[in-house]
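A quick write-up on the structure given underneath.
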Amino acid sequence: MRTVTAYATPAAKAPFEKTTIERRDVGPKDVRIEIAYAGICHSDIHTGRDEWGEAMYPLVPGHEIAGIVAEVGSEASKYAVGDRVGVGCLVNSCRTCENCKRGLEQYCLGDAVGTYNSTDRDGTPTYGGYSKEIVVDEDFVLRIPEALALDVAAPLLCAGITVFSPLNHWNAGPGKRVAIVGMGGLGHVGVKIAAAMGAEVSVVSQSLSKQDDGLAFGASAYYATNDPATFKELRNSFDLIVNTVSATLPMSKYLSMLRLDGTMVNVGAPPEPLEVPAFVLMGQRRSWAGSGIGGIPETQEMLDFCAEHNIGATIETIGGGDIDEAWDRVVASDVRYRFVIDTASF
Ligand code: NAP
Ligand code: ZN
Ligand code: ZN
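As numbered in the numbering used here, residues 4 to 349 make up the sequence shown, in order.
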């Protein structure tokens, strides 16, 4: 066991405390990673504030991890000391179910193990990336290409794959009109990736305050929902909408933006249910879908795609003592566009 510095929240809505956690000894197939950066995902906040229920305290969040391999197990062969690596939302899965066999570990039908707030195979709680080190089975470690700096790569491990996977699955590309709803952590990476895939990208945001950034990220149009004319103007406009909003929205207004046979994919995870009247789906043979993170092979594909297209997150770097304030700013939609914790500050 190794004692490692971490930031933990001891209870729902309690401030973070600098503390220590124990990391297991490096097993035969494990990799020990010195964490350089950890992104702050809105899911950390939903979990930490117990908005989704089932939070286990003390909680060390963080599933957007980038760092350097410091030690490898005796039977581990994928990584060497000094390699640049990442860890996302999963650190294990059953590996035998039909979905795991297809590399879709995020939809494991058995026991997948989350990077934090989960119970590991040895019965201990998992602790995430708001810490100096983590020990992970090599099969759940990703390679960060040289072209990506570790700080801007970290958010790709959750935000990046969560938008890449549905854009990929629903064939965003040339000739497709794609809208990203909500331009926060997920949304801003979604704009960059969808544009790099060749789609015609629009942003649907609450206001025009981030319009210049959205256009710079690759959007060709930017709309604000605080202008009531927007919903009318955008009726029947998009083939694919990726909804990244962390709060409940009036879904029928947004679904009305889909053209014939268009699909709305929900990746935002508000604690309250979303209501959808049947008629808005029937109207233009619209589909309403959901998508969760991504499997290990697709996450590597996403990192390689981002390196090839020079896509990193646009970040604000903070120290361990700034996490509470950063969480408040994320909830207030006041993040440009992902907070990344620099563990050198610990
Ligand atoms: P974020 O940085 O807070 O971004 C969410 C954006 O939604 C905000 O920037 C804001 O964009 C918009 N928004 C927030 N409140 C709103 C409201 N009341 N009405 C309308 N728009 C609002 O959060 P994130 O880290 O990107 O995560 C977004 C959501 O995805 C969270 O619920 C998170 O838990 C979930 N998530 C899901 C998965 C998955 O696997 N499906 C993975 C990661 C995260 P504008 O300012 O542009 O309006
Ligand atoms: Zn996340
Ligand atoms: Zn499985």
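All C-beta atoms, glycine included, are put in the ideal place defined by N, C-alpha and C.
DSSP-derived helix/strand/coil call for residue i
i, result
"tyrosine 225", "strand"
"phenylalanine 349", "coil"
"methionine 305", "helix"
"tyrosine 2", "In the structure displayed, the chain extends from 4 to 349; residue 2 sits before or after that span and is not available."
"isoleucine 299", "helix"
"aspartate 140", "strand"
"proline 169", "helix"
"proline 148", "coil"
"aspartate 385", "Nothing about residue 385 can be reported from this structure: the residues present for the chain run from 4 to 349 only."
"methionine 285", "helix"
"arginine 35", "strand"
"glycine 217", "helix"
"proline 128", "strand"
"alanine 267", "Reading off the sequence shown, one finds methionine at residue 267, where the question assumed alanine. Strand at methionine 267."
"isoleucine 43", "coil"
"tyrosine 10", "strand"
"asparagine 102", "helix"
Heavy atom of ligand 3 within 7 Å of residue i beta-carbon
i, result
"glutamate 121", "In the sequence as presented, glutamate is not what sits at residue 121; that position holds serine. It does not: the Cβ of serine 121 is nowhere closer than 7 Å to a heavy atom of ligand 3."
"serine 96", "yes"
"threonine 228", "no"
"cysteine 103", "yes"
"glycine 76", "no"
"leucine 112", "yes"
"threonine 302", "no"
"threonine 99", "yes"
Cβ-heavy atom distance, residue i to ligand 2, below 7 Å
i, result
"histidine 66", "yes"
"serine 249", "no"
"serine 168", "no"
"serine 2", "Because the chain spans 4 through 349 in this model, residue 2 falls outside it and cannot be assessed."
"cysteine 92", "yes"
"cysteine 309", "no"
Sequence-distant residues of the same chain with beta carbon closer than 7 Å to residue i, five excluded per side
i, result
"aspartate 114", "Cys97"
"proline 169", "Val245, Val268, Val270, Ser294"
"alanine 175", "Val181, Ala197, Met200, Ala202, Leu243"
"serine 121", "Thr129"
"cysteine 44", "His66, Glu67, Cys161, Ala162, Gly188"
"aspartate 264", "Arg288"
"glycine 178", "none"
"histidine 312", "Ala199"
Pairwise C-alpha distance: residue j and residue i
i, j, result
"isoleucine 68", "valine 7", "15 Å"
"isoleucine 71", "glycine 89", "8 Å"
"leucine 211", "alanine 272", "23 Å"
"serine 77", "valine 29", "9 Å"
"valine 138", "tyrosine 130", "10 Å"
"isoleucine 299", "glycine 217", "29 Å"
"aspartate 276", "methionine 254", "Looking at the sequence shown, residue 276 is not aspartate but proline. Taking the straight line from one Cα to the other gives about 11 Å."
"aspartate 123", "phenylalanine 220", "38 Å"
"aspartate 230", "serine 205", "16 Å"
"glycine 132", "isoleucine 38", "7 Å"
"aspartate 142", "serine 134", "21 Å"
"phenylalanine 167", "proline 158", "12 Å"
"valine 338", "alanine 329", "8 Å"
"serine 80", "alanine 9", "28 Å"
"threonine 266", "alanine 150", "33 Å"
"threonine 247", "valine 194", "11 Å"
"glutamine 303", "glutamine 209", "32 Å"
"valine 343", "valine 334", "15 Å"
"glycine 185", "leucine 252", "11 Å"
"glutamine 109", "isoleucine 36", "22 Å"
"tyrosine 257", "alanine 227", "12 Å"
"asparagine 102", "cysteine 111", "6 Å"
"isoleucine 24", "aspartate 331", "25 Å"
Spatial neighbours of residue i in its chain, beta-carbon cut-off 6 Å, leaving aside the 5 residues before and after
i, result
"glycine 51", "Thr12, Leu62, Pro64"
"arginine 163", "First, the residue type needs correcting, since residue 163 is glycine and not arginine in the sequence shown. Cβ within range, chain order: Val192, Met305."
"glycine 190", "Ile183, Thr247"
"proline 15", "Contrary to the premise, residue 15 reads as alanine rather than proline in this sequence. Excluding residues within five positions, the ones whose Cβ falls inside 6 Å are Arg52, Asp53."
"proline 280", "Ser255"
beta-carbon residue i near ligand 1 non-hydrogen atom, thresh 7 Å
i, result
"serine 240", "no"
"methionine 254", "no"
"lysine 195", "no"
"histidine 172", "no"
Same chain, Cβ closer than 8 Å to residue i, five either side skipped, listed in chain order
i, result
"arginine 262", "Arg180, Asn239, Ser240, Phe241, Asp242, Gln287"
Supposed contact pair residue j and residue i - C-beta distance, whole angstroms, cut 8 Å
i, j, result
"aspartate 140", "aspartate 33", "6 Å"
"aspartate 144", "tyrosine 82", "Note on identity: in this sequence residue 144 is valine, with aspartate being the wrong assignment. So it is a contact: roughly 6 Å between Cβ atoms."
"arginine 341", "alanine 316", "5 Å"
"isoleucine 314", "glycine 91", "At roughly 16 Å, the Cβ-Cβ gap does not stay under 8 Å, so isoleucine 314 and glycine 91 are not in contact."
"glutamate 301", "glycine 106", "7 Å"
"methionine 260", "leucine 284", "That belief does not hold up - the Cβ atoms of methionine 260 and leucine 284 are roughly 13 Å apart, past 8 Å."
Closer than 8 Å to chain B by CB, residue i
i, result
"glutamate 37", "Included in the structure is just one protein chain, with no chain B present."
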